[in-house]
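A short worksheet on the structure shown next.
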Amino acid sequence: MSEYEKTQWHPPFCAAIKLELKANKKDLSFDSERTLNTKPIQMDLLVIKKQKDVKIKNEIGKIFLQHNIFEYKSPEDELGIDEYFKTLAYACLYKANAENEDAIRSSEITISLIREGITRTLINWFKNNSCVVAEEYPGIFYISGEKVLFPTQLIISSRLRVDEHQWLRALTRKMDETTAKSLVSSAKVLTEKDDRDNADSVLHLAMIENEAIFNKLKEVPEMNEALIKLMKPELDAATDNARKEGATELATVVKLLKSGSMVQTLLDKGYNPDIVKSANELLAEIS
Numbered sequence: 002m003s004e005y006e007k008t009q010w011h012p013p014f015c016a017a018i019k020l021e022l023k024a025n026k027k028d029l030s031f032d033s034e035r036t037l038n039t040k041p042i043q044m045d046l047l048v049i050k051k052q053k054d055v056k057i058k059n060e061i062g063k064i065f066l067q068h069n070i071f072e073y074k075s076p077e078d079e080l081g082i083d084e085y086f087k088t089l090a091y092a093c094l095y096k097a098n099a100e101n102e103d104a105i106r107s108s109e110i111t112i113s114l115i116r117e118g119i120t121r122t123l124i125n126w127f128k129n130n131s132c133v134v135a136e137e138y139p140g141i142f143y144i145s146g147e148k149v150l151f152p153t154q155l156i157i158s159s160r161l162r163v164d165e166h167q168w169l170r171a172l173t174r175k176m177d178e179t180t181a182k183s184l185v186s187s188a189k190v191l192t193e194k195d196d197r198d199n200a201d202s203v204l205h206l207a208m209i210e211n212e213a214i215f216n217k218l219k220e221v222p223e224m225n226e227a228l229i230k231l232m233k234p235e236l237d238a239a240t241d242n243a244r245k246e247g248a249t250e251l252a253t254v255v256k257l258l259k260s261g262s263m264v265q266t267l268l269d270k271g272y273n274p275d276i277v278k279s280a281n282e283l284l285a286e287i288s
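Here the working numbering = 1-based position in the sequence shown + 1.
Here it is as structure tokens:
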């Protein structure tokens, strides 16, 4: 597994969905963390709430009702029969956990299942259980039938239209150079802060999972400059955090040295050699 653990695909997925639906972002609210029941049942799902009578422009949102539950699986995770039933169970708990009786109507819930690759086991199960699986749009399959409790769509991100769904398609380990360039160019023209932050999240994942491609892009001056500008807020935040952590460790080492700890003892305990040296020099100056 890459350094980006599988649980860390979920935040970039949420960011990608927000970018996909940004034309209607004023009509939608996003809830990526939800605890169900009295015990902390954590949903690794995204719930998108839509205002009534609003039409969603993006193909992914055409199925939307008021409460839309998304289950996303990273490339290494399976999306099988049991995962479908688990999502179904979560949807039922989500409905039953409302503050008032029937406040969330079952007729206002949809389920969206998303994975990069085709999930034949689940598709075959639907077909073998008298469900209709229809590709409503490229890569977007509508599921209907007696075994389908809520309107359901299955989204295969690798089959989505390139020109309309580049953010979801970016959640991959198979990105080519043309797609990477297009992604960077699209991120560059975003003007609103929340959109830029979401693009940063998607780009960060894409750069880690497609390192060779982005290293190649960095050899092109204008692409390298664009990447530096796009990632600058994240780099600044990391630098600031490192500075704060360094200052905290320096204060700790100074305190330990003042209380009689030996330099070698602190080094043996794993304290940063440069910080130990700076603390020792600082004490020498003020003593």
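Even glycine gets a Cβ: it sits at the ideal position worked out from N, Cα and C.
Small disclaimer: the values here were computed from a predicted structure and weren't measured.
query: In three-state DSSP terms, what is E84?
result: helix
query: Given a threshold of 16 other Cβ atoms within 10 Å of its Cβ, counted over all protein chains shown, does K74 qualify as buried or as exposed?
result: buried
- prompt: If we ignore side chains and look at the alpha-carbon of each, how far apart do V254 and V277 end up?
  reply: 6 Å
- request: Could you tell me whether the Cβ atoms of F31 and K50 are closer together than 9 Å?
  value: yes
- prompt: Helix, strand or coil: which one does DSSP assign to S30?
  reply: strand
query: Grouping DSSP H, G and I as helix and E and B as strand, with all else coil, what is T253?
result: helix
query: Should P152 and T179 be called a contact, given that it needs their Cβ atoms to be closer than 9 Å?
result: no
message: Output needed for I157: all residues of its chain with C-beta closer than 6 Å, excluding positions within five of it in sequence on either side, in chain order.
response: I119, G140
Closest residue to P263 among Q9, N281, S113, T249 (Cα-Cα distance): Looking at the sequence provided, one finds Met at residue 263 rather than Pro. Comparing Cα-Cα distances from M263 to each of Q9, N281, S113, T249, the minimum goes to N281.
field: Spatial neighbours of K148 in its chain, beta-carbon cut-off 8 Å, leaving aside the 5 residues before and after
entry: F127, N130, S131, C132
- request: Please list, in chain order, all residues of the same chain as G81 whose beta carbon is under 6 Å from its beta carbon, the five residues on each side excluded.
  value: T122, L123
task: Please state whether DSSP places R174 in a helix, a strand or coil.
output: coil
message: Is it the case that the region 153-172 contacts the region 17-28, given that we only count it when at least three CB pairs across the two stretches are under 8 Å?
response: yes
- prompt: In angstroms, rounded to a whole number, what distance separates the CA positions of A90 and P274?
  reply: 53 Å
- prompt: Going by the CB atoms, is the gap between L29 and Q52 shorter than 9 Å?
  reply: yes
- prompt: Do you know how far the Cα of E226 is from the Cα of P41?
  reply: Here the model assigns P41 a pLDDT of 47, short of 50, so the residue's position is not dependable, and the following value carries that caveat. Answer to the nearest angstrom: the Cα atoms are 45 Å apart.
query: Looking at the structure shown, is K182 part of a helix, part of a strand, or coil, going by DSSP?
result: helix
- prompt: Considering only residues of the same chain and omitting the five flanking positions on each side of T240, which have a CB-CB separation below 7 Å?
  reply: Interpretation of T240 is limited by its pLDDT of 47, a score under 50 that renders its predicted location unreliable; the figure taken from the coordinates is listed afterwards. Closer than 7 Å at the Cβ level, and outside the excluded window around T240, lies no residue.
message: What does DSSP give as the partner residue(s) for E136 in the beta ladder?
response: F142
task: Using three-state DSSP, classify A239 as helix, strand or coil.
output: Its pLDDT being 49, under 50, A239 is placed unreliably in this model, and the coordinates cannot settle the point.
field: Anticipated Cβ contact below 8 Å, M176 with N199, distance rounded
entry: Incorrect: roughly 18 Å between the Cβ atoms, too far for contact.
- prompt: How would you call V190, buried or exposed, if buried means at least 16 neighbouring beta carbons within 10 angstroms?
  reply: exposed
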